[in-house]
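Structure first, commentary second.
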Amino acid sequence: MEYVIEMLNIRKAFPGIVANDNINLQVKKGEIHALLGENGAGKSTLMNVLFGLYQPERGEIRVRGEKGHINSPNKANDLGIGMVHQHFMLVDTFTVAENIILGKEPKKFGRIDRKRAGQEVQDISDRYGLHIHPEAKAADISVGMQQRAEILKTLYRGADILIFDEPTAVLTPHEIKELMQIMKNLVKEGKSIILITHKLKEIMEICDRVTVIRKGKGIKTLDVRDTNQDELASLMVGREVSFKTEKRAAQPGAEVLAIDGITVKDTRGIETVRDLSLSVKAGEIVGIAGVDGNGQSELIEAVTGLRKTDSGTITLNGKQIQNLTPRKITESGIGHIPQDRHKHGLVLDFPIGENILLQSYYKKPYSALGVLHKGEMYKKARSLISEYDVRTPDEYTHARALSGGNQQKAIIGREIDRNPDLLIAAQPTRGLDVGAIEFVHKKLIEQRDAGKAVLLLSFELEEIMNLSDRIAVIFEGRIIASVNPQETTEQELGLLMAGSTQKEAGKANG
Amino acid sequence: MDIVQILSIIVPATLVYAAPLILTALGGVFSERSGVVNIGLEGLMIIGAFTSVLFNLFFGPELGAATPWISLLAAMAAGALFSLIHAAAAISFRADQTVSGVAINMLALGATLFIVKLIYGKAQTDKIPEPFYKTKIPGLGDIPVLGKIFFSDVYYTSILAIALAFISWFILFKTPFGLRIRSVGEHPMAADTMGINVYKMRYIGVMISGLFGGLGGGVYASTIALDFTHSTISGQGFIALAALVFGKWHPIGALGAALFFGFAQSLSIIGSLLPLFKDIPNVYMLMAPYVLTILALTGFIGRADAPKANGVPYIKGKR
Amino acid sequence: MVKRLSHLLVPLIAIILGLAAGALIMLVSGYSVASGYSALWNGIFGEIYYVGETIRQITPYILSGLAVAFAFRTGLFNIGVEGQLLVGWTAAVWVGTAFDGPAYIHLPLALITAAAAGGLWGFIPGILKARFYVHEVIVTIMMNYIALHMTNYIISNVLTDHQDKTGKIHESASLRSPFLEQITDYSRLHLGIIVALLAAVIMWFIINKTTKGFELRAVGFNQHASQYAGMSVRKNIMTSMLISGAFAGLAGAMEGLGTFEYAAVKGAFTGVGFDGIAVALLGGNTAVGVVLAACLLGGLKIGALNMPIESGVPSEVVDIVIAIIILFVASSYAIRFVMGKLKKKGAN
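Chain order of the listed sequences is U, B and D. For the first sequence, position 137 (counting from the first letter as 1) is numbered 137 according to our numbering, and the numbering increases by one without interruption. For the second sequence, position 314 (counting from the first letter as 1) is numbered 824 according to our numbering, and the numbering increases by one without interruption. For the third sequence, position 336 (counting from the first letter as 1) is numbered 1165 according to our numbering, and the numbering increases by one without interruption.
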């Protein structure tokens, strides 16, 4: 009984797609086993099957050698399987303790025994070194603590097998190191861990074995000792992958965007951008590096006119644009590829053709005197669809039906075609497969070489270091450092992102 | 008129009009806290009023003074059954919950009037033989000042309503069931991953609103209206909805709001007796509950935030 | 093409199921289904008077259906049509009684005033939603009751001297037409049907052919993306409720200037506003659909009046049938699910 979990010949399909196609997974007791694959490869689906959220059409699951029929999370819990979700499943208005005991509440005379709950939670927290505030409301705690609460949820239910779904997506490099230590502690206490990820470096650092999934099929299972990042990458993608993007040296010209000492408040009235200054020149790519929540989103919103700037100025080609309406700002020469394409970039229930005209429908020749000229609109849409290789049955198909990569291509086509002087790209490759990622990177560099200014926001350090000519590190609402990607390391960047000064970070580098 | 005299007019009248509102609003709290919008409270009250009136007419002669109480039980059962329609539509069939609620209201009115015409051949029932009567509560009614104001001329059902508000608060905030039902309304996916059956919880939430709504309608019919016509329940369900929102989806808040709205409703009857109010045109009294709710929602009386997943059908396995 | 068919199929199935439910109810209650439904049919088509009344009833249904559908298309739920209608009715009758003048000025003036009044009554929830993010469902329900009490007050205290109803409007403001009355055996059919159909054309044009319609639809689907695209979400929400309320106000004008030619104090709502929700839903929120659905609903409502007379069945059966139809359309997921299963069976 060497294997604590066996998933054999699992098949799970959704309307239109086979997410898991005859996959096999075997996890040994006490190991950290990685499940590697691109976005959409089927990793999360497989684990949701293991956790009882989905039922497979075919296949068998064995837990500790015994055949198991896991038809609900409760059943999975009973078998000792727990899941730490990528998108946290915490009720904002409940306390941390309430979130942890939900569904398995200690009772006294019919009411919840809060004292016992608090005690039990504290006990587990101490035992595994997972520091939390039990009585704090889930909405008010840090991302790291939220994750620890998620882990505690599984341990409270006596999980022996923990599934981690992309746990490092929202953590700083320092918090990632803490998490890795937690995982090592858990294994020492006899737990087994399945780690869903697409981050090759983390696999190499902490995992014992790795199973690679591609397009719903299991490809190979390897010992981490016997492989390297390049091999894993090509197994994940199915072909040779180059990590570096080819580009010429930058030739920066005049200053296009000048942000001078701006202050921006978030929806709760708290200052998230404080006295921030930044400059982007024509012909260069400036990358903003920072952990999510340090003001990047608010900064972009201020520049694009979606949020008020309380003080300071934003100048585009010499013209002040702070606090103008979004439309006036766009017309001044800014293109924007938004962070959340479903929320901000597209009207999913509109035809893709109308989405492509979303920024220009009110201009000639697409409309006149308030009446739309649909013929002209769709003519333009067809030309952009073909130029940017957007795979769609036709220009009338609703945007919802397109894949993430094609949706993004449509957005990029729309923005670049308007010939903006400044192109803002926020998380432009999130959720895209490698082919689409290469396309996006190519287009960004093309724009830069054509003399445009490009402002890039990304949480993927590799992408920032690859594409940027200059990296600005944002921390607690300020730009605290400006580094040359050729002269820095991920470690130094990580430290800067966590708030060390440039001198300290530089010392760590040296 | 001294203050005690004024209060002993206002308080009993308020309690009478508020009781049906309190009960129905409490039902709404459970439904919406579990994540299902319930515009159909009006329809549930109609069903409750209808059931209790018919029960009273049929069994009053035999059951005597116990009739109204048992008729309330019947009203609750009818309300719970009827609410299953809304539950099925909204939860299992993922209908738009507001539309479903509106349909429930239409269905309730149509069905009840149809049955009345079928049985009695006219559009109005007779007066019920065994309504509730106001009484003086033994013991409590003799307390010097408070006794005269609160316990001298009151329906037991009003006291029941207030008691149920506190019981609801306890259930919702102090028991595991309450925690789970709230989780289903705030973050159904989280609840699902913790092994809670979201559909079952929501069905229960809606059926509780059926129980309470039926009870509220029954109380209204057995204390105020005393018969059933097409205009017996005209708007009280919506005022209860307003009380629910005004009370920020909290049982005690809904209690307070319902008392206030009950007061406003009673003023159109007793206003002429009171020094301050007899000069204010009736129309302002009639509009007051509605205007105040709008002000409350707009944040002039503090923001009102519904449960986060309110109104959104839960689809298991949605990626 | 297949998509269009399925859009038509769901309402059709819902209607059939609703009528079947009505038949069941009649059966269980001891009535003859054949007699009941033939009374319903005769109540619509049996006499030219009935036909006239049916078309008359369809008129405000078209407008209230347009009001709800327009708001729906732009992402808003206007349950306040009852109140907006009452306000429009009262405003139209006020113009009709207070002023005088040649018909080509007086009538349009009354209509415009009604639309403006309704528009204002719809604008208030619109601005509350746009600026304060208040959900329009509850606000519009509240506004219904405020409108009811307020218009009653105005009728008794401003337009009359403590009377229950106003006097008749001047003929120059009336929608009645002697010609129409003659050919329909003196039913109350009036020219409002033309106004209603015109309104449907206007809605279709605005939604589908104008930049404003493009924006309203975009905002209705996705406020965030619309904002990013430079549209003013606030302005569009307010515009939408304004237009929606205006349609509802016109519906009230139909009653005040055509059907009744006066305004009266009311004990309850007319029901036209709530029925408008059914019309919009059945009509798939399109202008053409609304007109068709209004025809169905208007027919059912008028036909129902004949049922107790000819067959003894209480007219409430029709109300039940309509409610059930709404439930089925709203739960269309269930119908589509069954349809999908049947298709699979057929393919196998």
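Idealized CB from N, CA, C, for every residue including glycine.
{"Query": "Given that D/Met971 touches chain B, what residues does it touch there, using C-beta distances under 7 angstroms?", "Result": "Ala752, Tyr800, Thr803, Ile804"}
{"Query": "For U/Phe459, name the three-state secondary structure that DSSP assigns.", "Result": "coil"}
{"Query": "Of all Cβ atoms in chain B, is any one closer than 8 angstroms to the Cβ of U/Lys343?", "Result": "no"}
{"Query": "Give me the Cα-Cα distance between D/Met972 and B/Gly724, rounded to the nearest whole angstrom.", "Result": "26 angstroms"}
{"Query": "Is the Cβ of U/Gly370 closer than 8 angstroms to any Cβ of chain D?", "Result": "yes"}
{"Query": "So U/Pro420 contacts chain D; which residues on that side make the cut at Cβ distance below 8 angstroms?", "Result": "What U/Pro420 touches in chain D: nothing, since even the nearest Cβ is about 13 angstroms away."}
{"Query": "Find out if the Cβ-Cβ distance for the pair U/Ala425, U/Val454 is shorter than 8 angstroms.", "Result": "yes"}
{"Query": "Kindly indicate which three-state DSSP category B/Tyr666 falls into: helix, strand or coil?", "Result": "helix"}
{"Query": "Could you spell out the range, first to last residue, of the beta strand (DSSP E) harbouring U/Tyr3?", "Result": "3 to 14"}
{"Query": "Would a C-beta distance cut-off of 8 angstroms place U/Ile100 and U/Leu152 closer than the cut-off?", "Result": "yes"}
{"Query": "I want to see whether chain U comes within less than 8 angstroms of D/His1053, judged by CB atoms only; does it?", "Result": "yes"}
{"Query": "Taking DSSP as the reference, what is the three-state secondary structure of U/Asn509?", "Result": "Note that U/Asn509 scores 48 on pLDDT, short of 50, meaning its location in the model is unreliable and no value can be drawn from it."}
{"Query": "Within the chosen definition, does the stretch 568 to 585 of chain B reach the stretch 632 to 643 of chain B through at least 3 CB pairs nearer than 8 angstroms?", "Result": "yes"}
{"Query": "Output, in sequence order along the chain, the residues in the stretch 696 to 713 of chain B whose CB is closer than 8 angstroms to any CB in chain U.", "Result": "Glu696, His697, Met699, Ala700, Ala701, Asp702, Thr703, Met704, Gly705, Ile706"}
{"Query": "For D/Gly1185, which residues in chain B fall below 8 angstroms Cβ to Cβ?", "Result": "Outside the displayed span of chain D (830 to 1177) sits residue 1185 of chain D, for which this structure offers no information."}
{"Query": "Between U/Gly404, U/Ile81, U/Leu200, which lies nearest to U/Val212 when the distance is taken from Cα to Cα?", "Result": "U/Leu200"}
{"Query": "In this structure, what does DSSP give as the bridge partners for D/Ser861?", "Result": "DSSP lists no partner for D/Ser861."}
{"Query": "Leaving aside the five residues before and after B/Ile762 along the sequence, list all residues of the same chain whose C-beta is less than 6 angstroms from its C-beta, in chain order.", "Result": "Trp679"}
{"Query": "Among U/Gln320, U/Arg127, U/Gly80, whose alpha-carbon lies nearest the alpha-carbon of U/Ala159?", "Result": "U/Gly80"}
{"Query": "Use the C-beta contact count for U/Ser386: other C-beta atoms within 10 angstroms, 16 or more gives buried, fewer gives exposed.", "Result": "exposed"}
{"Query": "Identify every residue that forms a DSSP beta bridge with U/Asn20.", "Result": "U/Lys12"}
{"Query": "Relative to the alpha-carbon of U/Ala381, which residue among U/Leu50, U/Gly353, U/Tyr388 has its alpha-carbon at the smallest distance?", "Result": "U/Gly353"}
{"Query": "Using the rule of at least 16 other Cβ atoms within 10 Å of the residue's Cβ for burial, across every protein chain shown, is B/Val546 buried or exposed?", "Result": "buried"}
{"Query": "So which residues of chain D does B/Leu628 contact, with C-beta pairs closer than 7 angstroms?", "Result": "Ser858, Pro1143"}
{"Query": "Counting only C-beta atoms, is B/Leu796 closer than 8 angstroms to chain D at any point?", "Result": "yes"}
{"Query": "Taking DSSP as the reference, what is the three-state secondary structure of U/Asp349?", "Result": "coil"}
{"Query": "Determine contact between the stretch 29 to 40 of chain U and the stretch 224 to 236 of chain U, defined as no fewer than three beta-carbon pairs at a distance below 8 angstroms.", "Result": "yes"}
{"Query": "With respect to the alpha helix (DSSP H) encompassing U/Asp275, which residues constitute its N-terminal and C-terminal limits?", "Result": "Segment 271 to 281 is the beta strand (DSSP E) holding U/Asp275; no alpha helix (DSSP H) there."}
{"Query": "Using the beta-carbon count (16 or more within 10 Å), is U/Asn509 buried or exposed?", "Result": "Because the pLDDT of U/Asn509 is 48, which lies under 50, any placement of that residue in the model is unreliable, and the question is left without a value."}
{"Query": "Decide if the stretch 707 to 719 of chain B is in contact with the stretch 489 to 496 of chain U; the criterion is three or more beta carbon pairs, one per stretch, under 8 angstroms apart.", "Result": "no"}
{"Query": "If you pair each beta-carbon of the stretch 750 to 757 of chain B with each one of the stretch 800 to 807 of chain B, do three or more pairs fall below 8 angstroms?", "Result": "yes"}
{"Query": "Enumerate in chain order the residues of its own chain whose CB-to-CB distance from U/Gln146 is below 8 angstroms, with the five nearest sequence positions on each side excluded.", "Result": "Phe88, Leu90, Ala138"}
{"Query": "Let's see if you can read the secondary structure: which residues bound the alpha helix (DSSP H) around D/Asp1104?", "Result": "1101 to 1111"}
{"Query": "Compare the C-beta of U/Pro15 against all C-beta atoms of chain B and say whether one is closer than 8 angstroms.", "Result": "no"}
{"Query": "Classify B/Arg543 as buried or exposed, calling it buried when 16 or more other Cβ atoms lie within 10 Å of its own Cβ.", "Result": "buried"}
{"Query": "Taking 8 angstroms as the limit between beta carbons, can you name the residues of its chain near D/Ala1116, skipping five residues before and five after?", "Result": "Leu895, Ala898, Ala1029, Val1030, Met1032, Trp1033, Ile1036"}
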